[in-house]
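Working notes, structure below.
2 protein chains.
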Amino acid sequence: MSTSRKDIHNSDVPKLCQSCEVRHKGMCGALNANELVDFAKHTRVVKVSAGDVLLQEQGSIRAYANVMRGVLKLTKTMADGRQQIVGLQFAPDFVGRLHQDESPVRVEACSGVEVCSITRNALRKMLEKNPALETKLLHQALREVDQGREWMLALGRKTAREKVASFLMMMVRQIDPFSRGNAATAFDLPLTRAEMGDFLGLTIGTVSRELTRLRRVGVIRISSHRHIDVLNLEALRQSAG
Amino acid sequence: MSTSRKDIHNSDVPKLCQSCEVRHKGMCGALNANELVDFAKHTRVVKVSAGDVLLQEQGSIRAYANVMRGVLKLTKTMADGRQQIVGLQFAPDFVGRLHQDESPVRVEACSGVEVCSITRNALRKMLEKNPALETKLLHQALREVDQGREWMLALGRKTAREKVASFLMMMVRQIDPFSRGNAATAFDLPLTRAEMGDFLGLTIGTVSRELTRLRRVGVIRISSHRHIDVLNLEALRQSAG
DNA sequence: CGGAATTTTGAATATCGTCAAAGTGAGTGG
DNA sequence: CCACTCACTTTGACGATATTCAAAATTCCG
Chain X
2 MSTSRKDIHN SDVPKLCQSC EVRHKGMCGA LNANELVDFA KHTRVVKVSA GDVLLQEQGS
62 IRAYANVMRG VLKLTKTMAD GRQQIVGLQF APDFVGRLHQ DESPVRVEAC SGVEVCSITR
122 NALRKMLEKN PALETKLLHQ ALREVDQGRE WMLALGRKTA REKVASFLMM MVRQIDPFSR
182 GNAATAFDLP LTRAEMGDFL GLTIGTVSRE LTRLRRVGVI RISSHRHIDV LNLEALRQSA
242 G
Chain C
2 MSTSRKDIHN SDVPKLCQSC EVRHKGMCGA LNANELVDFA KHTRVVKVSA GDVLLQEQGS
62 IRAYANVMRG VLKLTKTMAD GRQQIVGLQF APDFVGRLHQ DESPVRVEAC SGVEVCSITR
122 NALRKMLEKN PALETKLLHQ ALREVDQGRE WMLALGRKTA REKVASFLMM MVRQIDPFSR
182 GNAATAFDLP LTRAEMGDFL GLTIGTVSRE LTRLRRVGVI RISSHRHIDV LNLEALRQSA
242 G
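Those protein sequences? They're chains X and C, same order as listed. Quick note on the working numbering: the first sequence kicks off at 2 and runs consecutively. Quick note on the working numbering: the second sequence kicks off at 2 and runs consecutively.
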């Protein structure tokens, strides 16, 4: 049996983690085998389905998590029911507000989702022992700040047309972060029209109209509402402003 | 000469820091006297006036800073000139994007501003030595995430009226974080009408109209354009949605 | 195949933007 | 101290964009 140079303790990595596709990309990338073993004692995989709520807005935070599969939406709601999606999370994002007892947002699954959940206390202890973990979380927080600001520009200054195109561009980048040149791409929308509206600060009608328009001018093709083929990536990029 | 119990090394605190009003509140609160001495070797106070740019959008980051006095605006601009303010920074906020070579936003003074500037390298070394510093910066990053999301709700879902009222409420909280009951408050706006528009995703005309309306219904008083007296805090809170 | 949920589309309306003109205030120099 | 200038703000009339409300069409799923 061959043992690789650095992964001499690889057999010590918990089974749970060995099968985790995003183990090296997320927060856990900062942990070595021994730390993973320690960590895994306090984690468990939780499966939720579309519509299930992981954290309530202003609800207490009992556990944190890492997304392993699927899409989560973070929403804020006004007293009269108006809603805004303020973030989307994909694997391997960290879920939950650190250093705060209440979640400032509602966290809800947009699709079938698997997360790797860890208790508050276990994470706190791990953070105390392992500064590299905190560095990872700082990195994610800074990325979220950047993403949030990118969307503030869209919400405040872009037209409905540009908002919808920007959202599609965001989906393209989610698939292929380097979205080079004019390579055609296809993907399934993780959100309903209503959710797209909640994300873009638009109504469902306006979202639908602008998608129809992008379809009519030949920028995209739409199959069965959810599936998008990008026929002209450059034109889509232009439309995004 | 009396030396207090814990601050036995107080005389070692750099003069620069001794006179810093926000020394304990910002990032530097994580440093002891010796560390401050070390730190202060690489810092200098920089004074800038309204309109001066500390960081360009996509410009290289040569130094970080802490706000000591005044207000900074963080903006993003589209190719055709449309602009959005994506954040405001006050003392003792940390300025600059960590772990990234280019600033994702333009940082510009809204008023006379003093910052305590530190070189990239000096901060990096300090962070390596002092995990508590990173914890402080993580805290600020998380606060900025929360603030950004709060504004996304306003930008995406609030009416012009609610946006303007929300902005005034934000100013009230900036003065008095607990903005209790119905205590009247007064303050000077740190932004011009145009800047308020860029912040709220509105035009200057709409901002002015909504301020006039709040004045006419007796919620606020306006003196010489910049000074606001809040006459009815509860009504303002209602107007903010 | 049938019913529910979602999406598309249409017509009328409201909100906010655009453009332009008038008003106000701060700073400067006489 | 006053008048002048310039930048900023207010206000108005009109128009464009997105919303609202409602109905028709499509897709999903049992």
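The C-beta atom is built at its ideal place from N, Cα and C for all residues, glycine as well.
Checklist entry - Any C-beta of chain X sitting closer than 8 angstroms to the C-beta of residue 102(C)? => result At least 8 angstroms separates the CB of residue 102(C) from every CB of chain X.
Checklist entry - Going along the stretch 113 to 134 of chain C in order, which residues come within less than 8 angstroms of chain X, judged by CB to CB distance? => result 132
Checklist entry - Hey, is residue 191(X)'s beta-carbon within less than 8 angstroms of any beta-carbon in chain C? => result So, not an interface residue.
Next on the checklist: Residues in the same chain with beta-carbon distance under 6 angstroms from residue 207(C), minus the five sequence neighbours each way, listed in chain order, please.
Outcome noted: Same-chain partners within the cutoff: 161.
Next on the checklist: DSSP three-state label for residue 88(C), please.
Outcome noted: strand
Checklist entry - By DSSP, does residue 2(X) sit in helix, in strand, or in coil? => result No answer about residue 2(X) holds up, because its pLDDT of 47 lies below 50 and its placement is not dependable.
Next on the checklist: Does any residue of chain X have a CB that is nearer than 8 angstroms to the CB of residue 2(C)?
Outcome noted: Below a pLDDT of 50, predicted positions are generally treated as unreliable, and residue 2(C), at 47, falls in that range; no measurement from the model is reported.
Next on the checklist: Under DSSP, the alpha helix (DSSP H) around residue 167(X) begins and ends at which residues?
Outcome noted: 161 to 176
Item to check | Distance between residue 19(C) and residue 5(C) (C-alpha atoms, nearest Å) | outcome: The predicted position of residue 5(C) is uncertain, since its pLDDT is 45 and thus under 50; no value can be drawn from it.
Next on the checklist: Quick check on this structure: which residue in 94(X), 117(X), 210(X) has the alpha carbon closest to the alpha carbon of residue 163(X)?
Outcome noted: Residue 163(X) has its Cα closest to that of 210(X), out of 94(X), 117(X), 210(X).
Item to check | Contact with chain X by residue 85(C), beta-carbon distance below 8 angstroms | outcome: yes
Next on the checklist: Whether or not the stretch 113 to 130 of chain C and the stretch 41 to 60 of chain C are in contact is what I'm after, with contact meaning three or more pairs of Cβ atoms, one per stretch, closer than 8 angstroms; do they touch?
Outcome noted: yes
Next on the checklist: So residue 226(C) contacts chain X; which residues on that side make the cut at Cβ distance below 9 angstroms?
Outcome noted: In chain order: nothing, as chain X lies at least about 23 angstroms away.
Checklist entry - The beta strand (DSSP E) spanning residue 45(X) covers which residue range? => result 44 to 49
Next on the checklist: For residue 157(C) and residue 14(C), I'd like the C-alpha separation in whole angstroms.
Outcome noted: So the alpha carbons of these two residues sit roughly 47 angstroms apart.
Checklist entry - So, helix, strand or coil for residue 8(X), using DSSP? => result With a pLDDT of 48 at residue 8(X), under the threshold of 50, the predicted position of this residue should be treated as unreliable, and no value is reported.
Item to check | Option nearest residue 104(C) by Cα separation, candidates 62(C), 152(C), 110(C), 32(C) | outcome: Residue 104(C) has its Cα closest to that of 62(C), out of 62(C), 152(C), 110(C), 32(C).
Item to check | Interface flag, residue 99(X) vs chain C, CB-CB below 8 angstroms | outcome: Cβ-Cβ to chain C under 8 angstroms: yes for residue 99(X).
Checklist entry - At a cut of 8 angstroms, does the stretch 221 to 240 of chain X reach the stretch 172 to 190 of chain X through at least three beta carbon pairs? => result yes
Checklist entry - How about residue 46(X): is its Cβ closer than 7 angstroms to a heavy atom in the ligand FMN? => result As far as ligands go, the structure on display features none, and thus does not contain the ligand FMN.
Next on the checklist: So residue 110(C) and residue 53(C) are supposed to be a Cβ contact under 8 angstroms. How far apart are they, rounded?
Outcome noted: Between residue 110(C) and residue 53(C) a beta carbon distance of about 5 angstroms is seen, short of the 8 angstroms cut, so the two are scored as contacting.
Next on the checklist: Which residues of the stretch 131 to 165 of chain X have a Cβ closer than 7 angstroms to any Cβ of chain C? Give them in chain order.
Outcome noted: 132, 135, 136, 138, 139, 140, 142, 143, 145, 146, 147, 149, 150, 152, 153, 154, 156, 157, 158
Item to check | Straight-line Cα distance separating residue 73(X) from residue 113(X) | outcome: 9 angstroms
Item to check | Coarse secondary structure for residue 210(X), derived from DSSP in three states | outcome: helix
Checklist entry - Which value, in whole angstroms, describes the spacing of the CA atoms of residue 27(X) and residue 69(X)? => result 9 angstroms
Checklist entry - Under a three-way DSSP split, which group does residue 240(C) fall into? => result helix
Next on the checklist: For a minimum of 3 consecutive residues, which ranges assigned as the beta strand (DSSP E) are wholly contained in the stretch 24 to 85 of chain X?
Outcome noted: 44 to 49, 54 to 56, 64 to 70, 73 to 78
Checklist entry - For residue 31(X) versus residue 146(C), is the C-beta spacing smaller than 8 angstroms? => result no
Next on the checklist: For a quick check, are the C-beta atoms of residue 87(X) and residue 75(X) less than 8 angstroms apart?
Outcome noted: yes
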